[in-house]
Amino acid sequence: MRKNTTNRLLIAGAALVAITGSLFSCRTTGSQSGPISTDAATAVYVPPGSYDEFYAFMSGGFSGQVTVHGLPSGRLIKTVPVFSQHAENGYGYSEETKALLNTTFGFVPWDDSHHPELSQTNGVPDGRWLFINGNNTPRIARIDLTRFETEEIIQIPNSAGNHASPFITPNSEYVVASTRFSVPIPQKDISISEYKGNFKGTITFVKADSPGEMDIAFQILVPGYNYDLSHSGKGASYGWSFFTTYNTEEANTLLEVNASRNDKDFVAAVNWKRAEECVANGSAQTMPADYVHNYVDERRIAVSEEKSGVKVLNPADCSGLIYFLPTPKSPHGVDVDPSGEYIVAGGKLATVIPVHSFSKMIAAIESESFEGVVDGIPVLQYDAVLAGEVEDPGLGPLHTEFDGKGYAYTTAFISSEIVKWEIGTWKVVDRIPTYYSVGHLMIPGGDSQKPWGKYMVALNKITKDRYLPTGPELAHAAQLIDISGDKMRLLLDFPTMGEPHYAQGIEASVIKDKQVRMFSIQENTSPYAIKSEDEARVERDGNEVHVYMSTIRTHFVPDNIEGIRAGDKVYFHVTNLEQDWDVPHGFAVLGARTSELLVMPGETRTIVWKPQGPGVYPFYCTDFCSALHQEMQGYIRVGAEGSTRPLAFSTGN
Amino acid sequence: MLIAFVTPIWKIKLDAPQYPEGLGMQIRINSITGEGENDLQNINGLNHYIGMKRIEPDSIRELKLMPWILGILAAAALLCAATGNRRLLYLWTAAFLIVAVIGLVDFYLWEFDYGHNLDLEHASIKIPGMSYQPPLLGSKKLLNFTAYSWPGIGGLAVFASLVIAVVTSFLEFRTSRKTTLA
Chain A
2 MRKNTTNRLL IAGAALVAIT GSLFSCRTTG SQSGPISTDA ATAVYVPPGS
52 YDEFYAFMSG GFSGQVTVHG LPSGRLIKTV PVFSQHAENG YGYSEETKAL
102 LNTTFGFVPW DDSHHPELSQ TNGVPDGRWL FINGNNTPRI ARIDLTRFET
152 EEIIQIPNSA GNHASPFITP NSEYVVASTR FSVPIPQKDI SISEYKGNFK
202 GTITFVKADS PGEMDIAFQI LVPGYNYDLS HSGKGASYGW SFFTTYNTEE
252 ANTLLEVNAS RNDKDFVAAV NWKRAEECVA NGSAQTMPAD YVHNYVDERR
302 IAVSEEKSGV KVLNPADCSG LIYFLPTPKS PHGVDVDPSG EYIVAGGKLA
352 TVIPVHSFSK MIAAIESESF EGVVDGIPVL QYDAVLAGEV EDPGLGPLHT
402 EFDGKGYAYT TAFISSEIVK WEIGTWKVVD RIPTYYSVGH LMIPGGDSQK
452 PWGKYMVALN KITKDRYLPT GPELAHAAQL IDISGDKMRL LLDFPTMGEP
502 HYAQGIEASV IKDKQVRMFS IQENTSPYAI KSEDEARVER DGNEVHVYMS
552 TIRTHFVPDN IEGIRAGDKV YFHVTNLEQD WDVPHGFAVL GARTSELLVM
602 PGETRTIVWK PQGPGVYPFY CTDFCSALHQ EMQGYIRVGA EGSTRPLAFS
652 TGN
Chain B
74 MLIAFVTPIW KIKLDAPQYP EGLGMQIRIN SITGEGENDL QNINGLNHYI
124 GMKRIEPDSI RELKLMPWIL GILAAAALLC AATGNRRLLY LWTAAFLIVA
174 VIGLVDFYLW EFDYGHNLDL EHASIKIPGM SYQPPLLGSK KLLNFTAYSW
224 PGIGGLAVFA SLVIAVVTSF LEFRTSRKTT LA
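Chains as they are written, first to last, in this note's numbering: chain A, 2 to 654; chain B, 74 to 255.
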């Protein structure tokens, strides 16, 4: 008997060891080598001298910029400065670019950029422009994709925390903006505890299809919730835009608890075609609101215009403008399938993914299947609009993209995985772990009517052990996943810059052949340009000195300057006379408290320098331009304040 | 020969590691232009490192004479054909041959001048014994560049005309000999 018990204990112990062992081995293969099959390397290998298949545009998050990677290699090929000054090329420092960062708050040299969005034609990314939101100081930027340069930034008035932005309509009619943080509108000094009823949200439609002419088309005043994310309707649902809300509790403190009380929050469905009608028939009020619009003009110089007054629609004055679709548990992402029929919302704390049907929504509106009205906005019945629920979607579903082949892919932040499910049956067909805690995901064209359903990128929030450690701050991790087959297949890890939230991807051929290689010096219309070395000169106007300087391999004209005085404000207008591909020149001068300049062929850029004391100051080319790059330098002689030495300049004497 | 009025007579192409797309020059009957919009300017820019003279099409007298010379030769060819005068044909062929030889020699001399007559005072790159004369025909390595030189369509057309002229003259000469003998 006793022996029997011992034996049983031994067997139980052995079983425990076996189970634990299998758990460990499972974890090892599951998270490390298992998903990587040997041919993954060839799937992401882009041979030297070859191009990637796709451009991927990653938001920089707290870097305020956009980074451009090639897929499938994951190689970083460009940082496009947008909302943050970029000393690397003088963006936000040079006289030609400073104005892009102007706002009603003054010059704001940083932002938090979240969601890149490619321009579209007929619901398909067309590669003309990339838009991206500034979250902290509500703004939207437009980047030209023939130059990969920020060319326009518009400030969003009556807003705070521009998060659900800049999701685009299918023909680039509008990009949207909204208030993540509801605030008093118009702003006023009011107790925070009086949030309910006094704080409001706005949903903004920004005219987007005309470069240099972005403007606030109209705003919709909405209840004081948090407006989180958006996507536009397309195909069947063309003319509508969808926004998630949370904090329908209207809490003003400890939101992690207080904004998680309601069983359901809302997806707001906005009929922007109806909004256009209401604006046209005079239902909108003009509200005083100041904002700034910055754009690069035909001289390639950024200018700012101060604007005032926006058209604001109150839902009570424009019936049929907006409806609320009840959606479980603080929904985050809202994504529309390629057909436009299904609206998928990821409830951060939900146990299912609800999929709303656009046609059922229209039917519910027609039959007035309302369960209530909030601030003049009808709330539709959940069951009347629901197409289906995806069961067991992972914990913390956030964002969904589509492959154009009948499947949707949803990220689950808490369980750190991506689940693939079938549209129509709402059944999960595959799942793959991510490393770790995936936020957005991106399939090139995956939020459009025509996804390129070959690759998927997981954009993860936590990195931990994926790369060589670099102190406390680690690069964020992205994972490239092959979605061309039935089973998802992990191909590659690659680090990203800043914190990519969302991303966009597009087949390389749409963009690569449209690239500007240089600017024509003959067509340079900058008033500070010089067309040849003969025009180089130095002019004084009081204590302002203008140096009209040229660069060409491998010298500056002029490269000896005398007659500058301490306290002068010296403008270096540097024109790069090169007309050759990939030959920028740089300009840096000792004692500059700004940045360098990087001047593209045929371009003129200006930096201001204020010498503080007498002496001789060297300047030089910062971009290794030729074999004699190290010879590309010059000197400026600075006299004491009040010195009467006349201006003199030369090269080669 | 009239083809040479509308197409390049000669082409020079330069390849280097930094110029995978290449730089090119076209010599036409009355001009020298870059293959790409800025190629000539960039070739001149690169040449300044070795002290080579700028290639300024306006200062090359031959470009002004060439249309006349080729024009007169073409007109003479038509005259030969119209008159059917055998002696005129011989004369024309001889003139054509002489012009062609002078043309090639002249082209060679220009290349020699550009390649050897360097302003070493202002040259950054000075390599003792090195000259930069591009080849008349074929390819040649010049520092990091490989220079290729070959006739363009116009040049080939002129060459073809010349061959036809010589062959015609030869045939005519043989026929006339036979006729005389008979």
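From the three backbone atoms N, C-alpha and C, an ideal C-beta is built for every residue, glycine too.
Quick caveat: nothing in here was measured; it's all calculated off a predicted structure.
Buried or exposed: where does residue i fall if 16 or more other Cβ atoms within 10 Å of its Cβ makes it buried?
i, result
"Ser242 of chain B", "buried"
"Pro477 of chain A", "Correcting the residue identity first, residue 477 of chain A is His in this sequence and not Pro. The residue in question, His477 of chain A, is buried, as its Cβ has 16 or more Cβ neighbours within 10 Å."
"Gln188 of chain A", "exposed"
"Gly202 of chain A", "buried"
"Arg181 of chain A", "buried"
"Ala351 of chain A", "buried"
"His502 of chain A", "buried"
"Met74 of chain B", "buried"
"Asn158 of chain B", "exposed"
"Glu96 of chain A", "buried"
"His294 of chain A", "buried"
"Ala100 of chain A", "buried"
"Thr645 of chain A", "exposed"
"Met203 of chain B", "exposed"
"Thr647 of chain A", "The question names Thr, but residue 647 of chain A is Pro in the sequence shown. Under this definition Pro647 of chain A is an exposed residue."
"Tyr115 of chain B", "Looking at the sequence provided, one finds Asn at residue 115 of chain B rather than Tyr. Asn115 of chain B comes out buried."
"Val386 of chain A", "buried"
"Gln580 of chain A", "buried"
"Lys137 of chain B", "exposed"
"Pro224 of chain A", "buried"
"Asp131 of chain B", "exposed"
"Ser249 of chain B", "exposed"
So, are the CB atoms of residue i and residue j less than 8 Å apart?
i, j, result
"Pro619 of chain A", "Leu591 of chain A", "yes"
"Ser60 of chain A", "Ala504 of chain A", "yes"
"Ala230 of chain B", "Ile76 of chain B", "yes"
"Gln220 of chain A", "Val304 of chain A", "no"
"Leu210 of chain B", "Ser222 of chain B", "yes"
"Tyr205 of chain B", "Met125 of chain B", "yes"
"Asn227 of chain A", "Thr246 of chain A", "yes"
"Tyr667 of chain A", "Pro158 of chain A", "Here chain A covers residues 2 to 654 and nothing more, so residue 667 of chain A does not appear."
"Ile323 of chain A", "Ile378 of chain A", "yes"
"Phe63 of chain A", "Glu500 of chain A", "yes"
"Tyr343 of chain A", "Ala413 of chain A", "no"
"Val420 of chain A", "Val429 of chain A", "yes"
"Lys274 of chain A", "Gly240 of chain A", "yes"
"Val517 of chain A", "Arg566 of chain A", "no"
"Val176 of chain A", "Ile204 of chain A", "no"
So residue i packs on residue j, CB below 8 Å; how close in whole Å?
i, j, result
"Tyr92 of chain B", "Ser197 of chain B", "The Cβ separation is near 19 Å, so there is no contact."
"Val268 of chain A", "Pro332 of chain A", "6 Å"
"Glu390 of chain A", "Trp427 of chain A", "6 Å"
"Asp1 of chain A", "Arg140 of chain A", "Lying before the first or after the last residue shown, residue 1 of chain A is absent from chain A, which here runs from 2 to 654."
"Ser231 of chain A", "Ser238 of chain A", "Actually they are not in contact, since the Cβ atoms of Ser231 of chain A and Ser238 of chain A sit about 13 Å apart, beyond 8 Å."
"Thr435 of chain A", "Ser417 of chain A", "5 Å"
"His574 of chain A", "Tyr549 of chain A", "5 Å"
"Ser120 of chain A", "Thr170 of chain A", "The Cβ separation is near 10 Å, so there is no contact."
"Val539 of chain A", "Ile562 of chain A", "6 Å"
"Ile463 of chain A", "Val311 of chain A", "That belief does not hold up - the Cβ atoms of Ile463 of chain A and Val311 of chain A are roughly 40 Å apart, past 8 Å."
"Leu72 of chain A", "Tyr456 of chain A", "6 Å"
"Glu597 of chain A", "Lys570 of chain A", "Glu597 of chain A to Lys570 of chain A, Cβ: 18 Å. No contact."
"Arg554 of chain A", "Gly118 of chain B", "6 Å"
Can you list, in chain order, the stretches of the beta strand (DSSP E) that have 3 or more residues and sit fully within the segment 268–300 of chain A? 286–297
Within the chosen definition, does the segment 116–131 of chain A reach the segment 162–172 of chain A through at least 3 CB pairs nearer than 8 Å? yes
Using 8 Å as the cut-off, can you tell me whether the segment 348–364 of chain A makes contact with the segment 394–402 of chain A, which would need three or more C-beta pairs spanning the two stretches below that distance? yes
Segments assigned beta strand (DSSP E), at least 3 residues, entirely inside the segment 171–257 of chain A: 175–179, 200–208, 216–223, 227–233 and 241–247
Taking contact to mean 3 or more Cβ pairs, one atom from each stretch, closer than 8 Å, check whether the segment 520–540 of chain A and the segment 623–637 of chain A are in contact. no
Enumerate, from N- to C-terminal direction, the unbroken alpha helix (DSSP H) stretches of 4 or more residues contained entirely within the segment 368–450 of chain A. 383–386
Length-filtered (4 minimum) alpha helix (DSSP H) runs lying within the segment 112–178 of chain B: 112–120 and 135–156
Given 8 Å as the limit, is there contact between the segment 318–330 of chain A and the segment 266–284 of chain A, that is, 3 or more CB pairs closer than that? yes
What runs of the beta strand (DSSP E), each 3 residues or longer, lie entirely inside the segment 533–620 of chain A? 538–542, 545–553, 556–558, 561–566, 570–577, 586–590, 598–600 and 605–610
Output the residue ranges of the beta strand (DSSP E) runs that lie fully inside the segment 207–244 of chain B and measure 3 residues or longer, sorted by chain position. 211–215 and 218–224
Would the segment 591–608 of chain A count as touching the segment 80–91 of chain B if we require 3 or more Cβ pairs under 8 Å? no
For the pair the segment 163–174 of chain B and the segment 187–196 of chain B, tell me if three or more CB-CB distances fall below 8 Å. no
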